[in-house]
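Engineer: Numbering (the working numbering), first residue to last: 432 to 1070.
Provided herewith is a single structure, encoded as C-alpha cells, for subsequent inquiry.
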Amino acid sequence: MSESLLGILLVTLLFLLILVGLLPEILRWLAERNVQRRQQLVQAVRRLEQELRTLSVQLDPFHSLQAPQYRRIDDEVTQLLAQVQAEREAMAAPGALPFPRVTAVHWAIQHFAAYPRDAGRILYTWQRLRDMQRMVTAGEAVLAAAHQELGRLHQMPQQFCQDSQAILQQLQQVRDRLQQERGAGVTALETWEEEYGRLRRQAVQLNQQLQATETISLEAADALGQALNEVEAALARLDQGTQQLQQARLALDETFQRSSKTFADVEARVDTTRVPEGLHLLLGLITILHEETAVLRRNTQFPQATALLADSDALIALAAEVIAAGRQVQGVLPLLADSLTPQAIATLHQQLQRSEDELADRLEQLERQPAEVLPRPLLAVLRDVQTRMQQMQVEAAALQQAERDAAQRLARDLNQATTELNRAWQALQRTLPLAEGDLLAKKYHGLLQQRREAQGRPLPLQKLVAAARELTADIVTSHDYLRLRFENLGKLVRDYPQFVSAVEQDAAQWRCLQTQVAQVKECAMGIQQVWQKVKGTGWLDETHELLDEVKQLHQRAQTAYTDLEQQLQQFDNIVAHIERTIDYVQGAAGEMMDNGRINRVLGMVDMQYDEAYRAATCEQALAALQRAESFVNGLVAGA
432 MSESLLGILL VTLLFLLILV GLLPEILRWL AERNVQRRQQ LVQAVRRLEQ ELRTLSVQLD
492 PFHSLQAPQY RRIDDEVTQL LAQVQAEREA MAAPGALPFP RVTAVHWAIQ HFAAYPRDAG
552 RILYTWQRLR DMQRMVTAGE AVLAAAHQEL GRLHQMPQQF CQDSQAILQQ LQQVRDRLQQ
612 ERGAGVTALE TWEEEYGRLR RQAVQLNQQL QATETISLEA ADALGQALNE VEAALARLDQ
672 GTQQLQQARL ALDETFQRSS KTFADVEARV DTTRVPEGLH LLLGLITILH EETAVLRRNT
732 QFPQATALLA DSDALIALAA EVIAAGRQVQ GVLPLLADSL TPQAIATLHQ QLQRSEDELA
792 DRLEQLERQP AEVLPRPLLA VLRDVQTRMQ QMQVEAAALQ QAERDAAQRL ARDLNQATTE
852 LNRAWQALQR TLPLAEGDLL AKKYHGLLQQ RREAQGRPLP LQKLVAAARE LTADIVTSHD
912 YLRLRFENLG KLVRDYPQFV SAVEQDAAQW RCLQTQVAQV KECAMGIQQV WQKVKGTGWL
972 DETHELLDEV KQLHQRAQTA YTDLEQQLQQ FDNIVAHIER TIDYVQGAAG EMMDNGRINR
1032 VLGMVDMQYD EAYRAATCEQ ALAALQRAES FVNGLVAGA
C-alpha cells in the first residue's frame, strides 16, 4: 500500500515539475517565434498588394473589348482580383496584435507569475498569425491563376486561329454527314447544304485573316472574335441539326428494319390453307404503309414516317395475334370429340369467326389518303379486336392445357386404377386362376385393351377410370369373399381328420352313438373329395358351387355331431351323478352301512354300465343308466 502511494506521489511531483518548468519555457519560445513571423507576414502582405496593383493595370486594356472570348476571360480575371482584394481586407494588421516579451533572465515561470495574462496573449497572437499565413497563401494561389488567365488574353489571336481551323474541321464533319445521308437514300437536303456552303466561305475568310496573328491589333482581334463567335453559333446549329437529322434517320431505319423483319416473320407464319378475308386485307394494308414510309424517308419527313411505322407496327401486332389466335383455336378443335368441356371449345371457335368477320368489315370500309395515318377510331376498334384475339389465345391455350392436364391427370388416375386392378387381379389369380373365358377375365382383358386406345383422350380416359375402379371393386369383393371361403373351409378341411378322431374318441364306448360317427365320417370323405376339385375349375361360378357343396356337407356333419354331443352330455350327466353318489357312500356314509350291501349295489351298477355301453339305441342306454342311478339312490336312502 505504501509503495502505491509513493508511486502516485512521484508521478504527481513529475507532473508539477513539467507544469512549472517546461510549459513556461515553451511559451517563451512561442513569443519569440511570433515576433519573427510578424516580420515575414508584413513583407508577404506588401508583395501581395504590389502584385495586385500590377495585375489590375495590365488588365485595363481588355475591359473595353466586346468579343465573348475576351469578355469571358476578362470577367474571370476581374473576379480573381476581387477575391484577392477581399482576402487582403479581411487580414488584420500584424502590428495591431499583442506581442508580449518574457523578461525573466533565468526561469520563464518568474515572468508568468508576475504577468499571468501574457500566456493567453501569446497563444492568441500565435493563432491569428497562423490564420493570416493561410490567407496570404490562398491569395498567392489566386494571383497565380490570374496571371495564367491574363496570359490567355494576350494569346487570344492565336486561339482564334486555332478555333477557325477547328471550325473548318467541324464543317468537314458536317459535309461528311450530309454525304452519308445522301448515300443512305435521303434526297431532300438542299437547305442543309446551302447553309453549309455559306458557313464554309465565312470560315475560310476568317482563317485567312487570322494567319498573321502578330500584327493584329486588339480592336481587330475583338472584331474577328465576334465574327468567329457568330460562325461558331451558326455552325453549332447546323451541326446539331444535321446530327438530329442523321439520328432521326438512323432511328427510323432501325425501326423500319425491325418492323420489316417482324412483318416478314408474321407473313411466314400465315397458314396458306386458311387465310381469312380480314387477315388478307390486314397484310395488304401493312404493305402499303411500308411503301409510303419509304417515300417519306427519302423526303426527310421522319416524324410522319415514324407515325406511319407506328400504325404499321400496331397492324403487324394485330396480324400476329390474328394468326396466333386462329392457329390456337384451330389446334383446339380436334379435341372437341374427346373433350370434357366440348361447349367451351365450340364457343371459342364461334368467337374467332365473329372477330375475323368484324376485322374484314372494318378494313373494307377504310378510306385514307397516301401517307395519311390511320383514323384513331379505327385503331381503337382494331386494338379491341387485338385484345379479343389475345384473350382467345389465352382461352385456347388454357383449354389445350386443361385438356392436357385432364388427360395427364386421368392417365395418372387410370395408371393408379390399373395398378390397383392388376394387383387385385393377380391376387385373385393366386387364389383361383381363372380361364380366359370366365366373365370376370373377359372384363379385365377388355379394359386393358381399351386403355391402350384411350391414351391422350380425356373423355374415354374418364370412362375407363370409372370402369377400372368398378371392376377393381368387383374383383376385390369376389376375391375377398372367395379367399374368406377358402380360408374358412380350408381350415375346416385341414381340421376334419382331427375332428373325426375326436368324434370317434367321444363315442368310442357307446354303441348307440356309432350312427352319428358314421354320418360324420361320410361327410368328411365327401368334403375331401369335393375340396380336391375346388382350385382347379378355372371358373368362378363353378368354384362357388363346389364350395357351397362343401358347406352343405359340413353342415350335415355338424348336425350329426351336435346330436352326438347332446346325447353324450346327457349320458355324462347321469354317470357323473352316479359317481358322486358312490364316492359319498364309500366315504363318510360308508362307516354306517354294511359293506356287503354296498358291494352288491356297486356290482349291479357295473352291470347297468355294461348294458348301457352295449345298447343298440340311445333310449336303451339311457334306461340302463337311469336304473344304475336308482340303485345308488336307494343305497343312500337306506343309509
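Note that CB positions come from ideal geometry on N, CA and C, so glycine has one too.
Find out if the Cβ-Cβ distance for the pair Cys954, Ala988 is shorter than 7 Å.
Structural biologist: Against a cut-off of 7 Å, the Cβ pair of Ala988 and Cys954 comes out as a contact.
Engineer: Excluding the 5 residues flanking Ile747 on each side, which residues of the same chain have their C-beta closer than 7 Å to its C-beta?
Structural biologist: For Ile747, where only same-chain residues beyond five positions count, the Cβ hits under 7 Å are Ser690, Thr693, Phe694, Val697 and Ile717.
Engineer: In terms of residues, what are the limits of the alpha helix (DSSP H) holding Gly877?
Structural biologist: Its alpha helix (DSSP H) spans residues Leu870 to Glu884.
Engineer: Below 8 Å on the Cβ atoms is my guess for Ala1043 versus Ala1055; work out the distance and round it to an integer in Å.
Structural biologist: Between Ala1055 and Ala1043 the Cβ distance is about 4 Å, and since that is below 8 Å, they are a contact.
Engineer: Under DSSP, the alpha helix (DSSP H) around Asp702 begins and ends at which residues?
Structural biologist: From DSSP, Asp702 is part of no alpha helix (DSSP H); its letter is neither H nor E.
Engineer: Closer than 8 Å by C-beta to Leu727: which residues in its own chain qualify, once you throw out the five before and the five after it? Chain order, please.
Structural biologist: The residues are Phe733, Gln735, Ala736, Leu739 and Ala802.
Engineer: Assign Pro864 to one of two classes, buried (16 or more other C-beta atoms within 10 Å of its C-beta) or exposed (fewer than that).
Structural biologist: Classification of Pro864: exposed, given that the 10 Å Cβ count is below 16.
Engineer: Look at the alpha carbon of Arg1031 and the alpha carbon of Ala949, and state the distance between them as a whole number of angstroms.
Structural biologist: Distance between the alpha carbons of Arg1031 and Ala949 is about 38 Å.
Engineer: Evaluate Pro891 with the Cβ neighbour count: other Cβ atoms within 10 Å of its Cβ, from every protein chain shown; 16 or more gives buried, anything less gives exposed.
Structural biologist: The residue is buried, with at least 16 neighbouring Cβ atoms inside 10 Å.
Engineer: Among residues of its own chain, excluding the 5 on either side of Glu980, which ones have a beta-carbon nearer than 6 Å to its beta-carbon?
Structural biologist: Counting only Cβ-Cβ distances below 6 Å, and skipping sequence neighbours, we find Val961.
Engineer: For Glu708, which residues of its own chain have a beta-carbon under 7 Å away from its beta-carbon, when the five flanking residues on both sides are left out?
Structural biologist: Answer for Glu708: Ala791, listed in chain order.
Engineer: Would you call the CB atoms of Val760 and Ala667 closer than 7 Å?
Structural biologist: No, they are not a contact pair.
Engineer: May I ask you to report which of helix, strand or coil DSSP gives Val1006?
Structural biologist: Helix at Val1006.
Engineer: Compare the Cα-Cα distances from Gly921 to each of Thr903, Ala872 and Leu977 and report the closest residue.
Structural biologist: Checked all of Thr903, Ala872 and Leu977; the closest Cα to Gly921 is Leu977.
Engineer: Can you confirm whether the segment 869-886 touches the segment 912-931 when touching is taken to mean that 3 or more C-beta pairs between the two stretches lie within less than 8 Å?
Structural biologist: Cβ pair count under 8 Å is below three, so no.
Engineer: Which same chain residues end up closer than 8 Å to Pro928 when comparing Cβ atoms and leaving out the 5 residues on each side of it in sequence?
Structural biologist: Hits under 8 Å: Ala955.
Engineer: Write down every uninterrupted run of the alpha helix (DSSP H) in the segment 710-769 whose length is 4 residues or greater and which is fully enclosed by it, in chain order.
Structural biologist: Complete alpha helix (DSSP H) runs here, min 4: 733-763.
Engineer: Give every residue of the same chain whose Cβ lies closer than 6 Å to the Cβ of Asp684, excluding the five residues on either side of it in the sequence, and list them in chain order.
Structural biologist: Nothing listed; no residue qualifies.
Engineer: How many Å lie between Ala658 and Ile598 at the Cα?
Structural biologist: Approximately 12 Å between the Cα atoms of the pair.
Engineer: Quick check on DSSP: helix, strand or coil for Arg565?
Structural biologist: Note: Arg565 maps to helix in three-state DSSP.
Engineer: May I ask which residues mark the beginning and end of the alpha helix (DSSP H) holding Val706?
Structural biologist: Looking at the DSSP string, Val706 is not in any alpha helix (DSSP H), and its letter there is neither H nor E.
Engineer: Look at the Cβ atom of Leu712, then the Cβ atom of Leu794, and state whether they are nearer than 7 Å.
Structural biologist: Cβ atoms of Leu712 and Leu794: closer than 7 Å.
Engineer: By how many angstroms is the C-alpha of Leu995 removed from the C-alpha of Gly957?
Structural biologist: Gly957 and Leu995: Cα-Cα distance of roughly 20 Å.
Engineer: How would you label Pro889, buried or exposed, when you count the other beta carbons within 10 angstroms and need 16 or more for buried?
Structural biologist: Buried.
Engineer: Identify which residue in Ile1013, Ala904, Asp836 and Ala829 has its Cα closest to the Cα of Thr850.
Structural biologist: Nearest of Ile1013, Ala904, Asp836 and Ala829 to Thr850, Cα basis: Ala904.
Engineer: Which residue from Glu973, Gln1039 and Val951 puts its Cα closest to that of Val1063?
Structural biologist: The candidate whose alpha carbon is nearest that of Val1063 is Gln1039.
Engineer: Span of the alpha helix (DSSP H) holding Leu1033?
Structural biologist: Leu1033 -> alpha helix (DSSP H) spans Asn1026 to Arg1045.
Engineer: Could you give the DSSP three-state label for Ser1061: helix, strand or coil?
Structural biologist: Helix at Ser1061.
Engineer: Helix, strand or coil, according to DSSP, for Gln945 in the structure here?
Structural biologist: Helix.
Engineer: Cα-Cα, which of Met820, Val804, Arg1058 and Glu918 is closest to Asp788?
Structural biologist: Taking only the C-alpha atoms, the option nearest Asp788 is Met820.
Engineer: Output yes or no for whether 7 Å exceeds the beta carbon distance between Asp742 and Leu805.
Structural biologist: A contact, by the Cβ cut-off of 7 Å.
Engineer: So what does DSSP say about Arg468, is it helix, strand or coil?
Structural biologist: Of the three classes helix, strand and coil, the one that applies to Arg468 here is helix, per DSSP.
Engineer: Pull up the distance between the alpha-carbon of Thr990 and that of Cys1049, whole angstroms please.
Structural biologist: Going from the Cα of Thr990 to the Cα of Cys1049 covers about 17 Å.
Engineer: Taking just the CA atoms, how far does Thr686 sit from Val508?
Structural biologist: Confidence at Val508 is low in this model, with a pLDDT of 48, below 50, so its placement is unreliable and no value can be given for it.
Engineer: Cβ atoms of Val753 and Leu841: under 7 Å apart, would you say?
Structural biologist: Contact: no.
Engineer: Let me see if you follow: with CB-CB separation under 7 Å, is Gln796 close to chain D or not?
Structural biologist: Within the model displayed, chain D is absent; a lone protein chain is all it includes.
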